[in-house]
Structure formats: structure tokens, C-alpha cells
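Accompanying notes for the structure given below.
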Amino acid sequence: MKNKENSGLREGRGKQLIILGAGIMQGPAISIAKEMGLETVVADGDSGAMYAPLADRFEHIDLKDKEGVEALARDLKAGGRLAGIMTAGTDFSATVAWVAERLGLPGIPYETALNASDKGRMRRCFKEAGVPSPEFLTLDETPPGGFTFPFDFPAVVKPVDNMGGRGCRRVDSPGELASAFPGAAKFSRKGRVIVEEYMDGPEFSVDALVFHGEITICGLADRHIFFPPYFIEMGHTMPAALEEKEAASLLEVFTEGARALGLLDKNAAGAAKGDIKLSSRGPMIGEIAARLSGGYMSGWTYPYASGVEVTRGAIRAAIGLRPDRLGASRSWTCAERAFISIPGRVRSIHGLRDAKAAPYVKDLFLRAVEGGRVSFPENNVSKCGNVIASAPDRESAMDAADSAARSVLIRLEAPGKETDAFLAARPSPAGTAPGAEAAPWPPDAFSVGPSVISALARLPDPLPCEGQASPALAEPALVPFPAFAESGLKDSAGRGVEESLDAVRAVTGFSLPVKTLPRGAADNRLGRCFWAALIRGGYQGAAYIADLLYSNPGYGGGQR
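Take the sequence shown: its position 354, counted from the start at 1, is 338 in this note's numbering, and no numbers get skipped.
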């Protein structure tokens, strides 16, 4: 094995590899290709892409411009050293296939890549081959007479040609579909939308390498999806917690799907990434892409869990070498978790050092920046950051990732219009009855019942949100709210009430004692407004209210 690998490295040494994309998801491909002796020529439409400086040569090219990428490849091929072209974690596998096919490089056939890029084509391939997948309809515009489908609601609407959950959401009625349609269409380069039958059940991700008709599975992970009607992946855990029979059935359907798209063609060389649901009707394909996965799976969590560098195998396939060294050398668990924010502008970020130093934590990726705007995610590209932890057992890995993600605290500037608007939607009881006012979107941080909402309404508000704290008042205390504080409830990130209060204390510097005052005493306590903000916006909402009243110039105690 060692001699074979060394032989492969010698074949790569001095050759060139084009990599599309220079962002986080392409970082492992650039680094590993260089380790293999390949000269990396990296293209990206963003001249400031994070890993552009790591490339041996960087070209500023819009990756949708397949002719432009082809021109670069032809120039390189004329020099006699171009060995291949690839991508990882982007939706430009069709550009890779176009260039590879036209220049005679190893890769996926172009028509196959289109099958794996256009969700309408993909569904037709599955349907013709009898691969379990949802019923669907593709549309270029809203039908004048309204929507008519061969399946019942709920349904899922999404652009036919995008990734990361952009423009994707569940709809439960024709009215919701009509309002969601423009949002999906704007994320489609073709302006086309696909409406699919909703699939129930847990979701899983799978990575694989394909080479001349053979497929090698490289990881099956649980996906942790939250915040309906959107499908926000707040993390994944590798390997999936499945019985062997269940895992085998999912992978069998995935393989059938890959074959239906043409990825197991005898001339195909590359990667395949799938999202699969274990529905009440059995395994069903969400989608399959002709590339390595994004979301940290192929580049981080599977290598940490198994010891296998999937990216190295994909690079070998891209330069015409059979992927090898794919046998697992360890059986660990790796957990990736995201952290998010309510809307606003970032004042400061806390807890990064502790999160990075925590046991089993391997990586922390931060997207939010001080002074930058953040929003509650409606897709998988608008989260604030991600943590990855790996451990010998599942519980330790998951606990480490969850804890590290919760320890990263984002303090928002106060005042702020976006944050004010978010908090203006007062908390609503969970499980709102039919006909009642709909719960707000984005959802409340804490899902509370009617009894907590009633108790909240009875709380005093000595310092209302719209008021100003007197400079003569000491730091604020809190009005007791036992109905909530003792409820045992946790927010969407898993923080309990006391942990959330500790987070407020950590970012504001206030001690925030809970006090019952004698009748007639000067009252500088934060009451109903503060607790409502904690339920609605978690620690961020509560810290915002404390900052608004006490920490801003012109408010109370000045800038902290």
C-alpha cells in the first residue's frame, strides 16, 4: 500500500490541478493537493476568498463562466502539465465536468453532472429508474390559474439549481406556496422552481467516491435539521446512529440513485454526495450531487472519525488515479454544530478562546465579525459559525461540540432597528391552536406554554424598554420570574434559563441579581421587558435590553 501511494504521489508531482473555489470548503483540497506534489491552480469569483493565498496560482474567474474556466484549462494543458480539475462543496460540478469532457481530462460526463445539478432532471432520472424519491413539478413562473399538483400538501419549494438550502422551505397550502415561489425563484440561476412532495422522517448525509463504475461509501451522518418551515442544518454527527440494516437500506437507495444519474458510468471519476430521508415509506432520496459534500463532512468530520482523507481520494480520481487508502484506521465519533444569532449588528464576540481550548474540540470556524450584520438563518449559508469535536465515543463528541457552540456568545449593538423589530414580536405560546394568531418567525428562543405567557403578563416592568435608566441608579437587578426560571425549559441551542442569564452576565458585565424589594424601595429592576426579550431572543435579546437601558451613551450608566 505504501509503495502504491508513493507511486501515485510521484505521478502527481510536477503536475497541475485546477480547483474551483477558494473558500473554507475547498481549503482541504488545496492543502492536500499541495502535499501530493500537485501545483494548485485555484479559481474563484471572489478575489478575496479565504484560501486564495494558499494556492500556487489564483485566477479570478466567475465559476458560472464555464467557457472562462475552459480557457484557463486550455492554456494550462498547452503547457503539458495539467492533470485534472475538481471542486468540493460548491455547486459548480457541471463546470468541472464541462471542462474535463472537452479537454479529455478524468471526470464525470457533462450530461451526468447536469443530472446531478438540476433538480428537475435529477427527479426525472430517479422516476425513470424507479428510485424512491418524492413526486415533483418544475415551474418557470406562477401558473395564472393557481397551483395544481399530483400530490397533497405539505410540499417543499426550492430553486432547481442551488445549494445550501437557499430559497428552500416547506409550504402547507396553496397560499403559502404562492408567497414562497418568488423567494425560491430568485435563488435560481435559471429562474426555475421545483415543488416536491414533502418527505417525513430523519435525514442523513452520505459521501462517496466513484471511479470507473465502482462506488466507495465514505461516511454516513445524521443531519440535525431545525426551524421549520425552513430546513436549517444545525449540525451533523458522524457516523449516523442507525442499525446496520437501516444504514444498508439507505446506502442501497443512494447507490441506485447515483447509478440512475450516470455517476456509475464506466468512464466516470469523481465524487457523489447525497441527502437521504428514512421516511415512513422507507428510504427516499432528497438529492445527489456530483461532488464532495460541503458542511464540513468530507473535509473534516469523516477524516476525524475514520482516519480516511476522502479529499485525497477525490483528488486521485480527478487526476486519473484509483482512490486508495480508504479503509478506516479508527472508529471515533465526530460532531459538527453551528451557532447562530438573532438579527442585528455585532458589537463583540465572546468565548472563542474557551471554545477552542475545550477537550475534544478540533476546529472552530467563525463567520460573524465585529461590526458586521447578522440575521436569523433561513438557509445554511447564513449561520455565524461552526464547531467540530471528535472523541472516542458518541456522547463525548456530541457533548463537546454542543458545549463549545453554546460558549460562543455574540453581543449585538444597541440600539438597532433589526433587533428592535425582532424583539417587537412578543413571545407566543408553543403549539398555537388553529385559528389563533400564528407564532412569530423567526421563532422564539424558548418554546413556552400559555401558563408562562400568562405569568409574564403579570410581571411588573419598573424599567420598561422604551424608558431610560436614571444615571443615579445602580446596576440593574431582576424581577423574580419563577414560572419561567424554574420551568426546566431550554432554548434552541440547549441553554437553560440560568445558563442564559449567565451568558447575559458574561457579555454585559452586569451581575443581574434576582431581587424581591421592600414596598416603596427605589426600583431599578429589569422586569417584564427583560424576561420577554430572554424568551424571544435568548441571551442575546436579554443582553440587548440591559445594554439599551444601561450601557449606551445617553442611557443610564454610559458605555461599558
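The beta carbon of each residue, even a glycine, is placed where N, CA and C say it ideally should be. The structure presented is a predicted model; accordingly, all values stated were derived computationally and were not measured.
query                                                                                                           : result
Sequence ranges, alpha helix (DSSP H) only - wholly within the stretch 205 to 275, length at least 4            : 228 to 245
CA nearest to the CA of Met20, picked from Gly11, Ala244, Lys(-1), Gly32                                        : Lys(-1)
Whole-angstrom distance between Thr132 and Val177, CA atom to CA atom                                           : 14 Å
Straight-line gap, Leu4 to Gly258 (C-alpha atoms, nearest Å)                                                    : 20 Å
Where the alpha helix (DSSP H) containing Ala530 begins and where it ends                                       : 512 to 534
Separation of Ala384 from Gly542, as counted between CA atoms                                                   : Note that Gly542 scores a pLDDT of 35, beneath 50, so its modelled location is shaky; the value from the coordinates is reported in the next line. The straight-line gap from Cα to Cα measures roughly 37 Å.
Beta-carbon spacing of Glu397, Arg329 below 8 Å                                                                 : yes
Buried or exposed (CB count within 10 angstroms, at least 16 for buried), Glu187                                : buried
CB-CB length for Ile16 against Ile299, believed under 8 Å                                                       : 6 Å
Own chain, CB closer than 7 Å to Ala289, minus 5 neighbours either side, in chain order                         : Met222, Pro223, Trp316, Thr317, Cys318, Ser374
Proximity of Val546 and Leu276 at Cβ, strictly below 8 Å                                                        : Nothing about residue 546 can be read from this structure; the chain reaches only from -15 to 544.
Complete runs of the alpha helix (DSSP H) confined to the stretch 382 to 436 [at least 4 residues]              : 401 to 408
Helix, strand or coil at Lys48 according to DSSP, with G and I counted as helix                                 : coil
Which listed residue (Pro143, Gly525, Phe76) has its alpha carbon closest to that of Asp49                      : Phe76
Classification of Asn370 by the beta-carbon crowding that lies within 10 angstroms, buried from 16 upward       : buried
Beta-carbon proximity of Tyr286 to Cys202, cut-off 8 Å                                                          : yes
Beta-carbon proximity check, Ala527 vs Val488, cutoff 8 Å                                                       : yes
Any non-hydrogen atom of the ligand ATP within 7 Å of Leu350 CB                                                 : The model on display carries no ligand, and the ligand ATP is accordingly not part of it.
Ala274 and Gly254 closer than 8 Å at C-beta                                                                     : yes
Test item: CB-CB of Leu510 and Val463 under 8 Å                                                                 : yes
At least three beta-carbon pairs within less than 8 Å, the stretch 55 to 64 to the stretch 75 to 89             : yes
Under 8 Å between C-beta atoms of Cys368 and Arg390                                                             : no
Whole-Å CB distance - Ser282 paired with Asp206, under 8 Å assumed                                              : Going by Cβ atoms, the distance from Ser282 to Asp206 rounds to 16 Å, so no, they are not a contact pair.
His220, buried or exposed, once every other Cβ within 10 Å from all chains shown has been counted against 16    : buried
Own chain partners of Ala409 with C-beta closer than 6 Å, once the 5 adjacent residues on each side are dropped : Pro424
Alpha helix (DSSP H) segment containing Leu485, residue limits                                                  : 481 to 492
N-terminal and C-terminal residue of the beta strand (DSSP E) that Ser189 is part of                            : 187 to 195
Cα-Cα separation, Ala162 to Asp404                                                                              : 29 Å
Same chain, Cβ closer than 7 Å to Pro413, neighbours up to 5 away in sequence not counted                       : Val432, Gly433, Pro434, Ile437
Cross-strand partners of Lys474 (DSSP beta bridge)                                                              : Gly480
Counted within 10 angstroms of its Cβ, other Cβ atoms place Asn363 as buried (16 or more) or exposed            : buried
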